[in-house]
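Working notes for the structure below.
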Amino acid sequence: MFSDKLSRRHFLSGVAVAAAGMALAACAPKATPTPAAKPAQQPTAAPAQPTAAPAKKEQVTLRYMCRSGADYLPGVIKNIDEDFTAAQFPHIKVNVEPAPDGWVEKLLAQMVAGTAVDVFEAWGNIFYNWTERDLLLDLQPYVDAKMTDAEISDYNEFQWEGLFMKGKRIGMPKYINLMTLTINKDMFDKYGVDYPPENGEWNHDDYTNLLATLTEKARSKGDKNVWAGWLPGWSWDRFWNHIHMFEGKIVDQKYGKVCMMDQPEAQAALKWMYDMEWTWNYHAQPAQVENKWPGDTIAAGLVMTAEDGTYPISRNKLFRLEKGIRWDMRHVPKGPTGKRSVLGTTDAFSGTKQTKHPDETWELLHFLSGPIHQEKVIVKNNGIIPVLKSLIKKFIQIVREVEPTLQDVRLETIDEILAWGYAEDTPWFCNQVAATDIINPALQKVFTDGGADHTYFIEIAKQVTESQKDCTA
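First residue of the sequence shown: 26, per my numbering; consecutive thereafter.
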């Protein structure tokens with residue numbers, strides 16, 4: 026369903042955005058209308074005389090660009106047709122359109138041209154980029170008018186808060202991707218090494234020693250083309266959590282202007298990451314694993330552990346059913362002071378600000394993020410983690426019913442990450458585009474090419490801070 030290409034979550038380059046920037050000022054979308062609040066309940070009155078039937082609502086058609094793969098799309102369409110249109114909103118027809126290749130660039134161009142879909146799906150850095158350019162429908166007025174506190178509290182705080190950017194609510198949660206440590210149990214057994222602890226009681230020193238032992242065992246058996254671990258430090262979404270676990274920061278505060286990657290805590294974490302990959306080579310270097318994304322490296326038998334996202338059904342199909350690999354998931358280790366952190370994604374459904382039907386767009390977004398769609402489509406149809414706390418245990422039960430071989434995969438790790446509260450949204454700068462234009466090439470230079478070590482980020486931090494000086498929140 027989801028691509029495992031190396032560039033899946035790389036931040037958008039500034040090229041396409043810069044080309045569109047001048048056009049945006051001339052065709053800025055209309056402001057989001059304020060939805061009508063629910064009328065207050067009136068005192069009971071005498072029965073009224075019969076009146077004419079209310080006017081039939083005008084038929085509306087919404088376009089929804091959906092990223093679900095071909096195998097999953099029919100289930101999405103069925104759910105919307107039956108549970109949204111037929112059951113609740115007969116005046117709203119939804120045309121579900123598969124997201125094309127290159128949909129990010131194409132959708133941006135369509136928003137600029139005024140021809141975009143009403144509803145689409147994306148995640149943090151794409152949302153941030155387009156929020157800065159005022160391209161997205163602000164959903165906060167609808168939330169304030171139509172959602173209860175109890176309903177809001179069923180969402181996970183990191184995701185709910187992460188979708189409020191620069192004073193606007195730019196999306197409703199779609200699903201959760203959490204970073205865990207995926208392990209190839211067959212390789213651990215081959216080399217006679219114990220699995221990482223199920224209860225998560227281990228730290229970065231334990232992690233380093235484990236990968237050192239796996240590396241030594243593999244080399245002693247003559248296995249030169251297998252590596253103990255894989256951490257994609259070149260990826261914006263995948264490097265900062267280890268800095269947080271060392272009590273460091275990327276930026277001084279949310280939407281801050283001071284880059285903290287030159288500070289001792291951040292430098293200690295970056296040194297650890299650099300040493301794991303380039304000094305000791307316990308983590309594979311990208312070229313050693315053919316530049317594959319972490320999941321594919323395990324499937325290819327190139328690595329024994331990988332820090333990556335959590336898609337139980339698709340992972341199990343690739344690892345267990347196609348490759349015969351016995352796999353499992355574990356908590357990432359704690360940092361030196363006991364702190365643990367992983368990315369919890371802000372994958373969400375969003376509306377384009379240019380929509381001619383903002384009220385109906387809200388109703389669809391609310392439905393897609395709500396319990397009916399989350400259980401029937403996100404869990405049962407797509408097999409991925411739902412956004413509602415109340416569905417997490419049912420999710421684990423359902424995916425094991427769908428695929429019984431997941432009985433011996435520790436899916437409870439997912440529930441614990443959310444309950445323990447160590448999933449976090451990506452850190453953001455005041456001018457995120459400027460920051461990532463500097464940081465991303467530096468990550469590539471250090472963690473993809475090995476052309477510099479961790480101290481390179483001391484100079485990078487100065488450049489990033491300088492790039493923020495004229496930014497206003």
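C-beta atoms are modelled at their ideal positions from N, C-alpha and C, and glycine is treated no differently. Keep in mind that this is a model prediction, so the values were computed, not measured.
query, result
"With 16 other Cβ atoms within 10 Å as the buried cut-off, status of Gln184", "buried"
"Endpoints, beta strand (DSSP E) assigned at Trp352", "352-355"
"Uninterrupted alpha helix (DSSP H) stretches inside the stretch 241-317 (no shorter than 4 residues)", "261-270, 289-299"
"Nearest residue (CA-CA) to Ile409, options Asp287, Ile423, Ile397", "Ile423"
"Assigned secondary structure, Val404 (DSSP; H/G/I helix, E/B strand, else coil)", "helix"
"Simplified DSSP assignment, three categories, for Asn224", "coil"
"Simplified DSSP state of Ala448, which is helix, strand or coil", "strand"
"Residue range of the beta strand (DSSP E) that includes Met172", "Counting along the chain, Met172 falls outside any beta strand (DSSP E), and DSSP gives it neither H nor E."
"Selection from Lys381, Tyr307, Ile268 that minimises the alpha carbon distance to Ala293", "Ile268"
"7 Å CB neighbourhood of Tyr499 in its chain, flanking five on each side removed", "Limits of the chain in this structure are 26 at one end and 498 at the other, which puts residue 499 out of reach."
"Closest Cα partner of Gly217 within the set Glu223, Pro198, Thr240", "Thr240"
"Nearest to Leu203 (by Cα), restricted to the options Lys210, Glu449, Tyr180, Glu83", "Glu449"
"Residue of Met90, Gln84, Tyr97, Val471 minimising C-alpha distance to Phe114", "Gln84"
"DSSP state of Asn209 mapped onto helix, strand, coil", "strand"
"Meets three-Cβ-pair contact criterion under 8 Å: the stretch 310-318 and the stretch 217-231", "no"
"Three-state secondary structure assigned by DSSP to Gly326", "coil"
"C-beta atoms of Thr207 and Gly254 nearer than 8 Å", "no"
"Under 8 Å between C-beta atoms of Trp387 and Tyr167", "yes"
"Pair within 8 Å by beta-carbon distance, Pro337 and Leu416", "no"
"Sub-8 Å separation of Ala124 and Arg88 beta-carbons", "no"
"6 Å Cβ shell around Glu107 - same chain, five flanking residues per side excluded", "none"
"According to DSSP, residues forming a beta bridge with Ala331", "Thr207"
"Segment contact, 8 Å Cβ cut-off, at least three pairs: the stretch 426-443 with the stretch 341-348", "yes"
"Extent of the continuous beta strand (DSSP E) run through Asn120", "117-123"
"Neighbourhood of Lys193 by C-beta distance below 6 Å, restricted to the same chain and skipping five residues each side", "Asp163"
"Status (buried if at least 16 other CB within 10 Å, exposed otherwise) for Glu426", "exposed"
"For Thr238 and Asn406, the rounded distance between their alpha carbons", "40 Å"
"Secondary structure of Tyr89, DSSP reduced to three states", "strand"
"Local conformation of Leu161 per DSSP, three classes", "strand"
"Beta-carbon proximity of Cys455 to Tyr180, cut-off 8 Å", "no"
"Short Cβ contact (8 Å threshold) for Ala467 with Gln493", "no"
"Cβ-Cβ separation, Val251 to Asp353 (assumed contact under 8 Å), whole Å", "About 18 Å; that fails the 8 Å criterion."
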